[in-house]
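Peer 1:
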Amino acid sequence: MRGRHSRKAPKFRVARGLMAGALILALSICSVVTVTANTVTANVVDGEQSYTFHMDTIDLDQILDHAVSLGLEPLGPLDVAERVENTTTVNVRRGVSLTVTEAGKSSSLVAYVGDTVEKALEDNNILLKAEDEVTPSRETLLEEDTAIQIRRACQVSVTADGKTQKLSLVGATVAQALEKAGVTLGEKDSVNYEADQPVFDKMNIRVSRVMKITVTADGETKEYDVAAGTVEAALKKCGVKLGEEDRLNVAPTAKLTDGMAITVQRVTTEEVTETETVPYDTEYEYSDELYEDQTETRTPGVEGEKEVTYKVTYVDGEEESREAVSEKVTKEPTAEVVVQGTKEYETYEPETPDTTVPDGSGTGNAAGTFTDMYGNQVAYSSMLSGTCTAYSVPGGTTSLGWDAVYGVIAVNPNIIPYGTRMYITSPDGSVVYGYGVAGDTGGACMAGDIIADLCYNTIEECSQIGRRTMNIYILA
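Under this note's numbering, the first residue of the sequence shown carries the number 177, and numbering increases by one thereafter.
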C-alpha cells in the first residue's frame with residue numbers, strides 16, 4: 177500500500193546478475209522457482225483508468241512510479257495504493273474528506289471515492305441503526321469531499337410533575353423533547369440538561385419545578401422558593417437539617433407541592449434521676465379490747481425512698497413524656513401496724529307496743545333506753561321508724577337560717593318540732609348517723625314520702641344512707 181496507509185505487501189529487491197548456479201541451488205532447496213531476470217506484467221487500476229506494462233521488478237513504489245510516467249495522477253495525501261495479494265495488480269483508491277455532524281458535534285474523517293456513505297461511516301466505526309436519518313442518503317456514492325449529517329433515532333424519557341413519558345425522537349433537542357411531551361417551563365423551573373443539547377438514546381430528562389413553601393423550625397417561619405421532588409429534598413436545599421428523632425407534619429417522602437407548609441419539631445431526649453418516696457404498707461391486727469368501729473395505730477408507717485431514672489422526651493424544648501428506665505430503693509419503708517377492734521356494741525330492744533305515726537310515714541315506740549355508738553346508755557321519750565334519705569348543700573343554710581352541716585335534720589315540723597334532739601341509726605345498727613337536731617324543712621317529709629332527710633357535709637357521704645329505713649330516737 178502506498179499513501180497514508182502502510183503497504184500490504186513488503187518490498188522485494190532482488191539483485192540482478194546472480195549466478196545461475198546459485199539460482200539452481202535455491203530452487204532445489206525451497207522448491208520455489210523465481211526467475212528475477214524475467215520481466216513481470218504489472219497492472220495499476222485507478223478508478224476507470226487502467227495502466228498495464230512490463231517490469232523487471234515487483235517493487236510497489238517502482239510500479240507506481242512507472243504508472244505515473246504513463247499518465248497516472250500522482251497519489252495525494254489521502255490516496256492509497258493497495259497490491260492485490262500475491263499478484264502484481266495494484267488498486268489506487270482516491271481519498272476524500274468527510275465532515276460528519278452528529279448531536280451537534282462535528283468530526284473530520286477520510287473515505288474513498290466510490291464507497292457509499294454507509295460503508296464510509298462503517299469503515300470509520302460509525303454504525304447506523306435502521307431508524308437513524310442520514311444526509312446524504314446511505315446509498316450515495318462518494319465522489320468528492322462531503323458533509324454528512326446524522327440524526328439519531330432515540331428513546332427518551334421526560335419526567336415532570338410526577339409523571340414520566342416515553343418518547344421516540346429523531347435528531348431532536350431537549351427543548352423539542354419537552355415540547356413534544358407538553359411540558360412548559362416556568363420562569364424559575366430547571367432541567368437537568370441544557371435546552372439546546374441534542375438528545376441521545378436512553379436519555380432521562382427531568383424537570384424540577386420551583387415551588388414556594390413555608391418552613392417552620394427552631395421558632396421561626398420562613399418562605400423559600402425551591403425546586404425539589406420530595407419534602408426531605410426540599411428541606412436539604414433550604415438548609416434545614418433533620419435530627420434522627422425530629423418530627424415533620426408531613427412524610428419526608430411526600431411529594432412537594434406549591435404552597436406547602438412544613439413544620440419541623442425538634443425532638444431531644446435525656447436521662448433524669450429523681451428521688452421519690454416509697455409508700456408504706458398497712459398491716460392490720462385484731463383485738464377484742466376495742467369496739468368494731470374503733471382502730472388504734474400501734475406502729476406509725478414511714479415512707480421509704482428510691483432513685484428513679486427517667487428517659488425524658490422534649491419536643492421543641494417542652495417536656496412531652498417520661499419513661500422510667502430504672503429504679504433503686506435507697507431506703508426501705510416501714511409498714512404501719514393498725515389494731516382493728518372486734519368487740520360488738522350491746523343493743524337494747526325496747527319492749528313497747530308500736531303506734532302509728534300521724535302522717536303514716538312510719539311507726540313509733542314508747543319511751544325507753546338504747547346504747548349509742550360510744551357504748552353509753554341513753555334514754556329516749558319515743559322512737560319513730562321510717563324511710564330516711566340524705567342530702568348535702570355545702571355552704572348552704574337551712575329554712576331556719578342555720579348552716580346546712582352534718583347533724584342538721586330536715587323534718588316535717590308538724591311531726592317532729594324544730595329543735596328536737598334525736599339519735600338516728602338503722603334497725604340492725606349497721607348504719608349509724610348519730611346525734612342530730614331538727615333544723616330544716618324537708619319537702620319529701622312534708623309530702624309524707626319520708627320521715628327525715630339527714631344532712632351530710634359532702635355528696636359522697638350521702639351514699640351511706642341512700643334511701644333506707646332508720647330508727648329515730650327522740651331524746652328526753
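Quick reminder that beta carbons are idealized off the backbone N, C-alpha and C, glycines included. Here the structure is a predicted model, which means the values were calculated and not measured.
1. Using the Cα positions of G517 and E461, report the straight-line distance between them to the nearest angstrom.
2. So for E363, helix, strand or coil by DSSP?
3. Look at Q331 and D377 and say whether their C-beta atoms are less than 7 Å apart.
4. With DSSP collapsed to three states, give me the class of K412.
5. Assuming contact is defined by CB atoms lying nearer than 7 Å, are N301 and L285 in contact in what I supplied?
6. Return yes when the Cβ of G615 is within less than 7 Å of the Cβ of T574, no when it is not.
7. R382 bridges to which residues according to DSSP?
8. Between the beta-carbon of G562 and the beta-carbon of I635, is there less than 7 Å?
9. Identify, in the order they occur along the chain, each residue of the same chain with its Cβ nearer than 6 Å to the Cβ of E131, setting aside the five sequence neighbours on each side.
10. By how many angstroms is the C-alpha of A427 removed from the C-alpha of G642?
11. Based on Cα-Cα distance, which residue from V293, Q553, A323 lies nearest to L317?
12. Indicate the three-state DSSP secondary structure (helix, strand or coil) for I626 in the structure shown.
13. Under the assumption that S568 contacts E472 (Cβ atoms under 8 Å), give the Cβ distance between them as a whole number of angstroms.
14. Between which two residues does the beta strand (DSSP E) containing D492 stretch?
15. Once you ignore the five residues that flank D434 on each side, which residues in its own chain have a CB closer than 7 Å to its CB?
16. For A243, is the classification buried or exposed, using 16 other Cβ atoms within 10 angstroms of its Cβ as the cut-off for buried?
17. Would you tell me roughly how many angstroms separate the C-alpha atoms of Q640 and T601, rounded to the nearest one?
18. Is N633 helix, strand or coil when you go by DSSP?
19. Can the beta-carbon of V515 be found closer than 7 Å to that of S463?
20. Should L246 go down as buried or exposed, given a rule of 16 or more other Cβ atoms within 10 Å for buried?
21. Whole angstroms is fine: what's the gap from E309's alpha carbon to T275's?
22. What number of angstroms, rounded off, separates the C-alpha of C564 from the C-alpha of L630?
23. Just the C-alpha distance for V289 and S313, rounded to the nearest angstrom, thanks.
Peer 2: So, from the data block:
1. By 1-based counting over the sequence shown, the position of residue 517 is 341. By 1-based counting over the sequence shown, the position of residue 461 is 285. Using only the alpha carbons, I get a separation of about 9 Å.
2. Here residue 363 is taken as the residue at index 187 of the sequence shown, counted from 1. DSSP places E363 in coil when its eight states are reduced to three.
3. Start at 1 with the first residue of the sequence shown, and residue 331 comes out as number 155. Start at 1 with the first residue of the sequence shown, and residue 377 comes out as number 201. Yes. Within cutoff.
4. Position 236 of the sequence shown, counting from 1, holds the residue named residue 412. K412: helix per DSSP, three-state reduction.
5. Stepping through the sequence shown from its first residue, residue 301 is reached at position 125. Stepping through the sequence shown from its first residue, residue 285 is reached at position 109. No.
6. Here the question's residue 574 lines up with position 398 in the sequence shown. Here the question's residue 615 lines up with position 439 in the sequence shown. Yes, these two residues count as a Cβ contact at 7 Å.
7. Taking the first residue of the sequence shown as 1, we reach residue 382 at position 206. Partner(s): T335.
8. Residue 562 sits at position 386 when you count from the first residue of the sequence shown. Residue 635 sits at position 459 when you count from the first residue of the sequence shown. No, they are not a contact pair.
9. This structure gives no information on residue 131, because the portion of the chain shown stretches from 177 to 652.
10. Along the sequence shown, read from residue 1 onward, the residue named residue 642 stands at position 466. Along the sequence shown, read from residue 1 onward, the residue named residue 427 stands at position 251. In a straight line, the C-alpha of G642 is about 57 Å away from that of A427.
11. Position 141 of the sequence shown, counted from the start, is the residue given in the question as residue 317. L317 has its Cα closest to that of V293, out of V293, Q553, A323.
12. Start at 1 with the first residue of the sequence shown, and residue 626 comes out as number 450. Correct three-state label for I626: coil.
13. On the sequence shown, position 392 is the one that residue 568 refers to. On the sequence shown, position 296 is the one that residue 472 refers to. Incorrect: roughly 30 Å between the Cβ atoms, too far for contact.
14. Numbered from 1 along the sequence shown, position 316 holds the residue referred to as residue 492. From DSSP, D492 is part of no beta strand (DSSP E); its letter is neither H nor E.
15. Indexing the sequence shown from 1 puts residue 434 at position 258. Cβ neighbours of D434 beyond the five flanking positions: M387, K388.
16. For the purposes of this step, residue 243 is identified with residue 67 of the sequence shown, where counting begins at 1. Classification for A243: buried.
17. What you label residue 640 is simply residue 464 of the sequence shown in a count that begins at 1. What you label residue 601 is simply residue 425 of the sequence shown in a count that begins at 1. In a straight line, the C-alpha of Q640 is about 12 Å away from that of T601.
18. Translated into positions along the sequence shown, residue 633 becomes position 457. Residue state, collapsed to three classes: coil.
19. Here residue 515 corresponds to residue number 339 of the sequence shown, with the count starting at 1. Here residue 463 corresponds to residue number 287 of the sequence shown, with the count starting at 1. Going by C-beta atoms, V515 is nearer than 7 Å to S463.
20. As a position in the sequence shown, residue 246 is number 70, starting the count at 1. That one is exposed.
21. As a working note, residue 309 is residue 133 in the sequence shown. As a working note, residue 275 is residue 99 in the sequence shown. When rounded, the distance between both Cα atoms is 16 Å.
22. Your numbering for residue 564 matches position 388 in the sequence shown. Your numbering for residue 630 matches position 454 in the sequence shown. Distance between the alpha carbons of C564 and L630: 7 Å.
23. Reading the sequence shown from its first residue, position 113 is the one you call residue 289. Reading the sequence shown from its first residue, position 137 is the one you call residue 313. Their Cα atoms are separated by approximately 16 Å.
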